[in-house]
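Participant: Encoded as structure tokens, here's the structure I'll be asking about.
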Amino acid sequence: MAEKTWRKDPVLKKLEAAEECLWINPDRRPFAEAKKDLPLGMQDMEEASLRLARFAPLIEKLFPQTREAGGIIESALTPIPKMQQRLLARGTAFPGQLFLKRDSDLPIAGSVKARGGIYEVLKHTEDLALQEGLLSKEDVSGAGNPQAYLALSEERAKTFFARHSVQVGSTGNLGMSIGIMSAALGYRAIVHMSSDAKQWKKDLLRSRGVTVVEYTSDYSEAVKQGREASKQDPMSYFVDDENSRDLFLGYAVAALRLQGQLEAAGVLVKEDHPLFVYLPCGVGGAPGGITFGLKQVFGDAVHCFFVEPVQAPGMLAGMASGLQNHICVQDLGLTGKTEADGLAVGRPSGFVGAVMTTILDGACTVQDERLFSFLRDLYETEKIFLEPSACAGFRGLSFFAGERAMAAYLQGAVPAGAMARATHLVWATGGRLVPDEVRREYLSIGK
Ligand SMILES: *Cc1c(COP(=O)(O)O)cnc(C)c1O
761 MAEKTWRKDP VLKKLEAAEE CLWINPDRRP FAEAKKDLPL GMQDMEEASL
811 RLARFAPLIE KLFPQTREAG GIIESALTPI PKMQQRLLAR GTAFPGQLFL
861 KRDSDLPIAG SVKARGGIYE VLKHTEDLAL QEGLLSKEDV SGAGNPQAYL
911 ALSEERAKTF FARHSVQVGS TGNLGMSIGI MSAALGYRAI VHMSSDAKQW
961 KKDLLRSRGV TVVEYTSDYS EAVKQGREAS KQDPMSYFVD DENSRDLFLG
1011 YAVAALRLQG QLEAAGVLVK EDHPLFVYLP CGVGGAPGGI TFGLKQVFGD
1061 AVHCFFVEPV QAPGMLAGMA SGLQNHICVQ DLGLTGKTEA DGLAVGRPSG
1111 FVGAVMTTIL DGACTVQDER LFSFLRDLYE TEKIFLEPSA CAGFRGLSFF
1161 AGERAMAAYL QGAVPAGAMA RATHLVWATG GRLVPDEVRR EYLSIGK
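The opening position of the sequence shown corresponds to residue 761 in my numbering, with each subsequent residue numbered one higher.
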């Protein structure tokens, strides 16, 4: 481990002890300043958004469940007042109103990975199709020619894609997103699954014709093996969750969509109407991309917090120590093991950590037991089912009563009196594809 930049942030002691904790980012800066140094900007997000719009007719054709939304893969924003009451009854009080962003119901992949993962496969597909003459330069620039993309589902294109493979390392959900989309386009899809991956996710992928390679090691190792395997094959493309800008931008587009949904719901977001967002974090790509996008849209009026399991707080460890991806949770004596399979990542993305340095507001950790209690409470009160990883965000709500670090943060970051007008958004990241018998099992845990 590199010694030179190791910063002895007091939160590291709590991480080592696997204690639940809140960390406020001491390096965050006003967004107007921070954005000048970011490697990506609003224009990159808008390009990504246009690309998804160009693909919409093709998506609609390949996945009829997206017809109503015109081939746009998006989830609902829902107020959850009954859950808010339940949390209050359990002692979690916070000022303002509670909403759920339901990426747990995203079509096709059933998780937040339907944003980044599918976007990257489409971006790669567009690049290949352009080279092969399946699409023209005019088709793929700006608003382009969405109807031309329908040709990508025809025989000639499928035969072409079948000569190419797409590979990825995953704890489960990224593999499902990349695997399902790649297979639908005709690629040879190969998913390298870590030991954390649930059996039903592997079974589902195999049923779609995806090759699943299983490892007895963790996520970082599955990614490494996948990257190597892909290097050996000149016709193979590797989706690199630890470094990919395309994944990141696919996630970031969520912010542009959320902006419209908040407006439609009559929710005002300004500095004196703050928006607090709680994002489950694994390697960092999904919560990082969404945070980056939200800051571009709402600036300092949005406050973003990552939530990680007490045994797998890789991103928090990287940011608090300043070591980024040069530290992993095993260096802190933690196991990296958690029931939250989507968050079972020991070493964070260095790329995302660097972008988050000045824009992330804070992060916290959560015990596994609590995830199942959130899962059951949400199902009982709102009839909404989430997988365990997707419940992590609820933990972020518990720091508004009696946590000194949060009180100090609010004093500096939110105008006096504005918290009464706050909106809290728990980002629900997965659950739709969980089979019934697994749902019943989750709902019975800790009862
Ligand atoms: C992948 C995942 C996350 C976190 O995303 P990262 O990009 O790994 O940080 C959160 N929740 C679920 C359900 C996921 O599958």
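Beta carbons: idealized from backbone N, C-alpha and C, even for Gly.
1) Between 1164, 1057, 1042, 804, which lies nearest to residue 1190 when the distance is taken from Cα to Cα?
2) Using a Cβ-based criterion (distance less than 8 angstroms to any ligand heavy atom), does residue 1081 qualify as near ligand 1?
3) By Cβ distance, which residues of its chain are closer than 6 angstroms to residue 844, with the 5 residues on each side in sequence left out?
4) Anything with a beta carbon under 5 angstroms from a heavy atom of ligand 1 counts; list them all in chain order.
5) Given a threshold of 16 other Cβ atoms within 10 Å of its Cβ, counted over all protein chains shown, does residue 1093 qualify as buried or as exposed?
6) For residue 1004 and residue 875, what's the separation of their Cα atoms in angstroms?
7) When the Cα atoms are used, what is the spatial distance from residue 1068 to residue 900?
8) To the nearest angstrom, report how far apart residue 905 and residue 771 are at their CA atoms.
9) Can you list, in chain order, the residues of its chain whose CB lies under 7 angstroms from that of residue 848, leaving out five sequence neighbours each side?
10) Mind the definition here: the region 1034-1048 touches the region 1096-1106 only if three or more C-beta pairs lie below 8 angstroms; say whether that holds.
11) Can you find the residues in the same chain that come closer than 8 angstroms, C-beta to C-beta, to residue 1144, ignoring five residues on each side of it along the sequence?
12) Could you round the C-beta distance between residue 985 and residue 952 to whole angstroms and report it? I think they count as a contact, below 8 angstroms.
13) In chain order, what residues of the same chain have a beta carbon less than 6 angstroms from the beta carbon of residue 1150, not counting five sequence neighbours either side?
14) What's the C-alpha gap between residue 825 and residue 868?
15) Output the distance between the C-alpha atoms of residue 923 and residue 995, rounded to the nearest integer angstrom.
16) Which of the three DSSP states is assigned to residue 1033 in this structure?
17) Under the three-state reduction of DSSP, which class applies to residue 1205: helix, strand or coil?
18) Just list the residues that DSSP pairs residue 953 with in beta bridges.
19) Could you check which residue in 1002, 1204, 818, 1196 has the C-alpha nearest to that of residue 909?
20) If residue 933 sits next to residue 871, beta carbons under 8 angstroms apart, how far is it from one beta carbon to the other, in whole angstroms?
21) Using alpha carbons as the reference points, say which of 808, 1181, 806, 1199 lies closest to residue 1032.
22) At a cut of 8 angstroms, does the region 1082-1097 reach the region 789-804 through at least three beta carbon pairs?
Facilitator: Result, derived from the coordinates:
1) Of 1164, 1057, 1042, 804, the smallest CA-CA separation from residue 1190 is found for 1042.
2) No, the beta carbon of residue 1081 sits no closer than 8 angstroms to any heavy atom of ligand 1.
3) Taken in chain order, the residues that qualify are 858.
4) That query returns the following residues: 871, 933, 1040, 1041, 1042, 1043, 1044, 1045, 1046, 1102, 1149, 1150, 1189, 1190.
5) So residue 1093 ends up on the exposed side.
6) About 13 angstroms.
7) Roughly 38 angstroms separates the two Cα atoms.
8) Cα-Cα distance, rounded: 51 angstroms.
9) Within the same chain, residue 848 has no close Cβ partners at all.
10) Result yes; three or more Cβ-Cβ pairs closer than 8 angstroms.
11) Shown here for residue 1144: same chain residues with a beta carbon closer than 8 angstroms to its own, the five before and five after excluded, namely 838, 840, 860, 862, 864, 1138, 1188 in chain order.
12) About 6 angstroms; that satisfies the 8 angstroms criterion.
13) Only 864, 1188, 1189, 1190, 1191 meet the Cβ criterion.
14) Taking the straight line joining both Cα atoms gives about 8 angstroms.
15) When rounded, the distance between both Cα atoms is 7 angstroms.
16) Residue state, collapsed to three classes: strand.
17) Annotated three-state conformation of residue 1205 is coil, per DSSP.
18) For residue 953, which the question treats as bridged, DSSP gives the partners 930, 974.
19) In this structure, 818 is the residue among 1002, 1204, 818, 1196 with its C-alpha nearest to the C-alpha of residue 909.
20) The Cβ separation is near 4 angstroms, so the contact holds.
21) Checked all of 808, 1181, 806, 1199; the closest Cα to residue 1032 is 1181.
22) These segments do not touch.
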